[in-house]
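Worksheet for the structure shown next.
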Amino acid sequence: MGAASLAHAFGKPCLTTCPLHPDNPERTEAPCGLVLDGITRAGASCLDRTVYANAITAIMGAIADGDMDGMNGLLATELAAAVQQLHQMREAISNFGMICGAPVIDKKGRPVIDPDTGKPYMSDLKANPVIPHLIRLTESLGISFAEVLATPQSRQRARTEEETGDGLAKLMGAIMQRAQNGRAPRRPAIEGG
Numbered sequence: 284m285g286a287a288s289l290a291h292a293f294g295k296p297c298l299t300t301c302p303l304h305p306d307n308p309e310r311t312e313a314p315c316g317l318v319l320d321g322i323t324r325a326g327a328s329c330l331d332r333t334v335y336a337n338a339i340t341a342i343m344g345a346i347a348d349g350d351m352d353g354m355n356g357l358l359a360t361e362l363a364a365a366v367q368q369l370h371q372m373r374e375a376i377s378n379f380g381m382i383c384g385a386p387v388i389d390k391k392g393r394p395v396i397d398p399d400t401g402k403p404y405m406s407d408l409k410a411n412p413v414i415p416h417l418i419r420l421t422e423s424l425g426i427s428f429a430e431v432l433a434t435p436q437s438r439q440r441a442r443t444e445e446e447t448g449d450g451l452a453k454l455m456g457a458i459m460q461r462a463q464n465g466r467a468p469r470r471p472a473i474e475g476g
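Heads up, the sequence shown is in the numbering used here, so the first residue is 284 and it goes up one at a time.
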C-alpha cells in the first residue's frame, strides 16, 4: 500500500490551519517539512507520521487485546469516507442523469452536432454506470433511504409497530399450537347461566 493510499485510508486532510502548516500565520512551531518539500499541500492528505502511528497502534490494540477504544476514531473516519463516496456517486448521478447517451461520432472522431439544438446526436442510451455501484455500496453499508430520513417520531412509530407485530405473532403462535394439540381454546365460565 503506497503512502498516498494509506493517507486516504487513515489520514486527514492537510489544512492551512494546522499548527505546522507554513501558510498558517499563527504557527508557533517549525513549519511542516512535508509541505515545504512539496510532498503534500493544503487540501491533499496530511502525511504526518503520527496519523499512521495512531492508526496502526489502534489496529494492533484491537487485534492483540480486543481493545476497541482507539478504533472508534478510525471506524468513524472509515464511515465518513464511505458516506463521502455515497455523496460523490449521488452527485455524479445528479449531474449526468439516470440515462447517459453515447454521441454519434464522425470519421474524424468528433461528435456529430444537431444544427437545430447545438447538441450532439445520441446513438445509444444506457443506464448511468454509477447506479449499480451506488446500490451495491449502499447495501454493503446497510444504509437504507428510510433510515437516513428517520426522525425520532418515525423511529418510535416503527418500534411500536414492531412490538405490536411481535405481540400479534405470539398470540397467533399460541392459537396455532393449541389447534395442533387438538384442544380448543378455553372459554371462561358464564356465571349465572
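We put the beta carbon where it would ideally sit given N, CA and C, even for glycine.
As the structure is a prediction and not an experimental result, all values here were calculated from the model.
Less than 8 Å between the beta carbons of residue i and residue j, yes or no?
| i | j | result |
| --- | --- | --- |
| G384 | D407 | yes |
| P386 | M405 | yes |
| I388 | A410 | no |
| L417 | I376 | yes |
| K269 | I396 | The structure shown has nothing for residue 269, since the chain only spans 284 to 476. |
Taking DSSP as the reference, what is the three-state secondary structure of residue i?
| i | result |
| --- | --- |
| P412 | coil |
| G384 | strand |
| D306 | coil |
| D407 | strand |
| I346 | helix |
| I339 | helix |
| I418 | helix |
| V396 | Here residue 396 turns out to be Ile, not Val, going by the sequence shown. I396: strand per DSSP, three-state reduction. |
| R461 | helix |
Between residue i and residue j, what straight-line distance do the alpha-carbon atoms span, to the nearest angstrom?
| i | j | result |
| --- | --- | --- |
| E445 | M455 | 15 Å |
| V413 | A363 | 20 Å |
| G285 | P415 | Low confidence applies here, because G285 scores a pLDDT of 39, under 50, leaving its location unreliable and the question unanswered by this model. |
| A325 | N307 | 11 Å |
| T340 | Q439 | 39 Å |
| E422 | C315 | 41 Å |
| G450 | R461 | 17 Å |
| E361 | T400 | 45 Å |
| C301 | E309 | 9 Å |
| A313 | E374 | 40 Å |
| V318 | P305 | 7 Å |
| P398 | G392 | 18 Å |
| C329 | T323 | 7 Å |
| F293 | M343 | Unreliable placement is indicated for F293, whose pLDDT of 47 sits below 50; no coordinate value is reported for it. |
| P394 | A338 | 49 Å |
| A327 | D320 | 14 Å |
| I473 | T443 | 35 Å |
| A457 | T447 | 15 Å |
| G349 | T311 | 38 Å |
Any heavy atom of the ligand ADP inside 7 Å of the beta-carbon of residue i?
| i | result |
| --- | --- |
| V387 | Among the components modelled here there is no ligand, and therefore nothing to report on the ligand ADP. |
State the CB to CB distance for the pair residue i and residue j, rounded to an integer number of angstroms; the pair is presumed to be in contact (CB under 8 Å).
| i | j | result |
| --- | --- | --- |
| L369 | L420 | 6 Å |
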